[in-house]
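Chains as they are written, first to last, in numbering that gives the first Met the number 0: chain A, 0 to 213; chain B, 0 to 209.
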Amino acid sequence: MPERGKPKIYCSGPLFCPEEVREMSEIARVVEDAGYDAFLPQRDGVEAFVMNSVNGVAGDLFVLRPVKRFLSRATFAVDIYQIARECDCLVFNMNGRVPDEGGVAETAVAFGLGKPVVIYADDSWGGMDGRRDLMLEGVSRISELVDEIDRIPAALYRIFEGHAARPARGADTAAPLSAHMEDTIDFGRRVNAFLGMMGFLRPGNALVDEEGRT
Amino acid sequence: MVTRGEGTVYVAAPLRFGEQMKEALRISEVLEAGGWKSYLSRRDGLEGRLGRAPAELLGALEKAAFALETFQIVEGCDSLVVSINGRVPDEGCVFKASLAFACGKPLVIYKRDHRTVFNGMNNSMVVGLSPGLETVSRTQDIPAGLERACNAFGAEVEVGCRGVGEKGPLGDTVERGRLVWERIERGGFQAEKPGLAVGLLRDIADMVGS
């Protein structure tokens with residue numbers, strides 16, 4: 000378990016078009032400007048290396064299927080490792096026509112491990128009847144809910160400074176983790192260390208390339 | 000270890016229109032034919048009864064339904080089957096499956112849908128929940144997939160185990176969900192007349208508060 004320094008915040012949300020990439024970068028910037036460390040998958044995870052080639056011609060090649068499966072597993076593992084072992088809290092950007100399913104998965108894992116969650120949503124979409132899914136409504140009610148990115152630091156302050164008992168880092172469930180979870184975290188730790196060494200090779204994000212690196 | 004015929008399987012499937020409900024019931028039937036019990040939120044929980052509830056109780060009952068489903072996933076059930084059919088996976092189902100993953104429950108992903116997002120691959124954060132990124136594409140293969148998942152999740156997965164030891168949002172929610180479930184079991188919906196069901200809903204709403 001890493002030594003406690005600045006709290007580290009997992010920035011979760013959609014990252015598949017320029018608007019989403021920019022909004023996630025803005026969330027990470029606000030979090031870091033407020034004095035926290037941030038993990039931003041599109042910048043710090045396997046996603047940074049693979050998103051530019053998603054849906055490219057090479058991706059259709061059958062011979063590359065094992066590589067794609069490996070990268071998919073590595074992407075999942077690093078993100079789960081970060082949530083479970085490195086990060087103290089998760090901020091979920093719930094904007095979108097439907098909430099990003101990857102972000103929903105990450106939020107539920109954080110909730111399941113006892114990590115505090117901040118949910119940011121400033122869109123007016125709430126499903127067909129103006130309401131979101133029952134599970135997301137439910138988790139929103141017991142999380143910090145903000146409707147402006149600039150309000151995220153205040154929500155983090157309430158979590159980390161406003162409470163007498165600061166949330167503990169690491170997996171907080173009393174029950175032991177499953178073999179699958181342990182394997183995932185261990186694999187994620189190794190891939191994460193490798194990514195740390197390969198950081199200098201990280202490409203810019205093609206979705207926002209004209210505006211510079213994210 | 001969870002094996003065929005032991006424990007209850009949570010069926011997380013999109014339930015927004017009639018054919019989706021039928022598909023979820025088919026999954027339930029396959030599991031029960033394979034020796035498992037199954038829990039389906041719209042059949043066994045509160046979700047299917049919210050339409051009968053007086054408007055002023057809806058907020059409290061949605062809170063109760065969230066707590067009940069969380070309790071069922073974390074403590075009431077021993078494993079989970081999630082259907083990710085649809086133009087995008089149902090976000091509620093993804094939430095439930097991911098919560099099960101975090102709590103160490105074996106799970107199977109069922110997908111019989113031609114649509115994928117990345118060069119024929121599904122979203123990594125969804126299929127990664129299943130060991131080996133495995134999905135099953137036929138309902139009749141779900142029991143075998145569940146047995147494989149039970150093996151991969153490890154022998155320490157016991158029937159009826161798991162749960163949370165600490166209070167906090169998850170622990171509080173599980174505790175509230177347990178109370179809701181006990182109240183439902185005491186005055187089951189099946190045997191009640193519509194008027195009495197509303198009385199039960201009112202009791203549950205009072206129990207969880209607004």
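Glycine residues also receive a C-beta, built at the ideal position from the N, C-alpha and C atoms.
(message) Taking beta-carbon pairs under 9 Å, can you tell me which members of the segment 107-130 of chain B lie near chain A?
(response) Flagged, chain order: V116, F117, N118, G119, M120, N121, N122, S123, M124, V125, V126, G127, L128, S129, P130.
(message) Below 8 Å on the Cβ atoms is my contact criterion, and I expect P40(A) with D99(A) to pass it. Report the Cβ-Cβ distance as a whole number of Å.
(response) Looking up residue 40(A) in the first sequence gives position 41. Looking up residue 99(A) in the first sequence gives position 100. Not a contact, Cβ separation roughly 11 Å.
(message) Which runs of the beta strand (DSSP E) at least 3 residues long sit entirely within the segment 52-133 of chain B? Give them in chain order.
(response) At a cut-off of 3 residues, the continuous stretches assigned as beta strand (DSSP E) that sit fully inside the segment 52-133 of chain B are 78-82, 106-109.
(message) Let's see if you can read the secondary structure: which residues bound the alpha helix (DSSP H) around T74(A)?
(response) One-based indexing of the first sequence puts residue 74(A) at position 75. For T74(A), the enclosing alpha helix (DSSP H) covers residues 64-80.
(request) Give the secondary structure of M134(A) by DSSP, where H, G and I count as helix, E and B as strand, and everything else as coil. (result) Your numbering for residue 134(A) matches position 135 in the first sequence. Note: M134(A) maps to helix in three-state DSSP.
(request) Would you tell me roughly how many angstroms separate the C-alpha atoms of V103(A) and F91(A), rounded to the nearest one? (result) Position 104 of the first sequence holds residue 103(A). Position 92 of the first sequence holds residue 91(A). Our two residues, V103(A) and F91(A), have alpha carbons roughly 8 Å apart in a direct line.
(message) Can you list, in chain order, the residues of its chain with a C-beta nearer than 8 Å to that of Q139(B)? Leave out the 5 residues immediately preceding and following it.
(response) If you number the second sequence from 1, residue 139(B) lands on position 140. V29, listed in sequence order.
(message) Give me the residue from A120(A), S177(A), L144(A) with the minimum Cα distance to G103(B).
(response) Here residue 103(B) corresponds to residue number 104 of the second sequence, with the count starting at 1. Checked all of A120(A), S177(A), L144(A); the closest Cα to G103(B) is S177(A).
(message) Is the beta carbon of A47(A) closer than 9 Å to that of L194(A)?
(response) Along the first sequence, read from residue 1 onward, the residue named residue 194(A) stands at position 195. Along the first sequence, read from residue 1 onward, the residue named residue 47(A) stands at position 48. Result yes, Cβ atoms of L194(A) and A47(A) sit closer than 9 Å.
(request) Evaluate L60(A) with the Cβ neighbour count: other Cβ atoms within 10 Å of its Cβ, from every protein chain shown; 16 or more gives buried, anything less gives exposed. (result) Numbered from 1 along the first sequence, position 61 holds the residue referred to as residue 60(A). L60(A) comes out exposed.
(request) Just tell me which of H179(A), Y9(A), V62(A) has its CA closest to the CA of N118(B). (result) Sequence index remark: in the second sequence, residue 118(B) carries index 119 (1-based). For N118(B), the nearest C-alpha among the options comes from V62(A).
(message) Do E143(A) and R157(A) count as a contact pair if the criterion is CB distance below 9 Å?
(response) The count along the first sequence starts at 1 and reaches residue 157(A) at position 158. The count along the first sequence starts at 1 and reaches residue 143(A) at position 144. Yes.
(request) Could you check how far apart the C-beta atoms of Q71(B) and Y9(B) are, in whole angstroms? I think they sit under 8 Å. (result) The residue labelled residue 71(B) in the question sits at position 72 within the second sequence. The residue labelled residue 9(B) in the question sits at position 10 within the second sequence. Going by Cβ atoms, the distance from Q71(B) to Y9(B) rounds to 6 Å, so yes, they are a contact pair.
(request) Give the DSSP-derived three-state secondary structure of S27(B) in the structure shown. (result) As a working mapping, residue 27(B) is identified with position 28 in the second sequence. Looking at S27(B) - three-state DSSP - the assignment turns out to be helix.
(request) Give every residue of the same chain whose Cβ lies closer than 6 Å to the Cβ of G44(B), excluding the five residues on either side of it in the sequence, and list them in chain order. (result) For the purposes of this step, residue 44(B) is taken as residue 45 along the second sequence, with counting starting at 1. Same-chain partners within the cutoff: L67.
(request) Can you grab the Cα-Cα spacing for the pair A32(B) / T7(B), in whole Å? (result) Against the second sequence, residue 32(B) aligns to sequence position 33. Against the second sequence, residue 7(B) aligns to sequence position 8. When the Cα atoms are used, A32(B) and T7(B) turn out to be separated by approximately 13 Å.
(request) Spatial neighbours of G76(A) within its chain, please: CB distance less than 7 Å, with the 5 preceding and 5 following residues excluded, ordered by chain position. (result) Within the first sequence, numbered from 1, the residue matching residue 76(A) stands at position 77. Inspection of the sequence shows that residue 76(A) is occupied by Ala rather than by Gly. Closer than 7 Å at the Cβ level, and outside the excluded window around A76(A), lie T183, F186, G187, V190.
(message) Judging by CA-CA distance, which residue of D112(B), F152(B), N121(B), L128(B) is the nearest neighbour of S136(B)?
(response) Taking the first residue of the second sequence as position 1, residue 136(B) is located at position 137. Considering only alpha carbons, the answer is D112(B).
(message) If the criterion is Cβ atoms closer than 9 Å, does the pair T106(A) and S123(B) meet it?
(response) Here residue 106(A) corresponds to residue number 107 of the first sequence, with the count starting at 1. Here residue 123(B) corresponds to residue number 124 of the second sequence, with the count starting at 1. In this structure, S123(B) does not lie closer than 9 Å to T106(A) by Cβ.
(request) Tell me whether the beta-carbon of K62(B) lies closer than 9 Å to the beta-carbon of M134(A). (result) Residue mapping note: residue 62(B) aligns to position 63 of the second sequence, counting from 1. Residue mapping note: residue 134(A) aligns to position 135 of the first sequence, counting from 1. Cβ distance not < 9 Å, so K62(B) and M134(A) don't count as in contact.
(message) Looking at chain B, is there any beta carbon in it that lies within less than 9 Å of the beta carbon of M180(A)?
(response) By one-based count along the first sequence, residue 180(A) stands at place 181. Output row for M180(A): interface = yes.
(request) From the DSSP output, in three-state form, read off G117(A) for me. (result) Numbered from its first residue, the first sequence carries residue 117(A) at position 118. Before going further, note that residue 117(A) is Val rather than Gly in the sequence given. Taken through DSSP and simplified to helix, strand or coil, V117(A) comes out as strand.
(request) In the DSSP assignment, find the beta strand (DSSP E) that holds Y38(B) and state where it starts and stops. (result) Position 39 of the second sequence holds residue 38(B). Per DSSP, Y38(B) is one residue of the beta strand (DSSP E) stretching across 36-39.
(message) Contact criterion: CB-CB distance below 9 Å. Does I118(A) meet it with respect to chain B?
(response) Sequence index remark: in the first sequence, residue 118(A) carries index 119 (1-based). By the rule that beta-carbons nearer than 9 Å mark a contact, I118(A) does not touch chain B.
(message) Helix, strand or coil for Y9(A)? Go by DSSP, reduced to three states.
(response) Taking the first residue of the first sequence as 1, we reach residue 9(A) at position 10. For Y9(A), the three-state secondary structure derived from DSSP is strand.
(request) With 7 Å as the limit, tell me which residues of the segment 92-107 of chain B have their beta carbon closer than that to any beta carbon of chain A; keep them in chain order. (result) So the list reads V93, F94, K95, S97, L98, F100, A101, C102, G103, given in the order they occur along the chain.
(request) Within the same chain, show all residues whose beta-carbon is closer than 7 Å to that of Q19(B), passing over the 5 residues directly before and after it, in chain order. (result) Taking the second sequence and counting its residues from 1, one reaches residue 19(B) at position 20. Correct list, in chain order: A12, P13.
(message) Can you confirm whether the segment 46-54 of chain B touches the segment 76-87 of chain B when touching is taken to mean that 3 or more C-beta pairs between the two stretches lie within less than 8 Å?
(response) Contact fails: fewer than three Cβ-Cβ distances are below 8 Å.
(request) Note down, in chain order, every chain B residue with its Cβ under 7 Å from the Cβ of M134(A). (result) The residue given as residue 134(A) occupies position 135 in the first sequence. The answer, in chain order, is F65, E68, G91, F94, K95.
(message) Suppose you measure from the CA of V108(A) to the CA of V116(B); what does that come to, to the nearest Å?
(response) Mapped onto the first sequence, residue 108(A) falls at position 109. Mapped onto the second sequence, residue 116(B) falls at position 117. Looking at the two C-alpha atoms, the distance is approximately 22 Å.
(message) Any beta carbon of chain B sitting closer than 9 Å to that of L176(A)?
(response) Position 177 of the first sequence, counted from the start, is the residue given in the question as residue 176(A). Yes, contact with chain B.
(request) Name, please, each residue of chain B whose Cβ falls closer than 7 Å to the Cβ of R72(A). (result) In the first sequence, counting from the first residue as 1, residue 72(A) sits at position 73. Those are G127, L132, listed as they occur along chain B.
(message) For I118(A) and M197(A), what's the separation of their Cα atoms in angstroms?
(response) Taking the first sequence and counting its residues from 1, the one referred to as residue 118(A) is at position 119. Taking the first sequence and counting its residues from 1, the one referred to as residue 197(A) is at position 198. Rounded to whole angstroms, I118(A) and M197(A) show a C-alpha spacing of 31 Å.
(request) Check the Cβ of P98(A) against every Cβ in chain B and list those closer than 7 Å, keeping chain order. (result) For the purposes of this step, residue 98(A) is taken as the residue at position 99 of the first sequence. Correct list: E90.
(message) What does the Cβ neighbour count give for V138(A), buried or exposed, with the cut at 16 atoms within 10 Å?
(response) Residue numbering aside, residue 138(A) sits at position 139 when the first sequence is read from its first letter. V138(A) is buried by the Cβ-count criterion.
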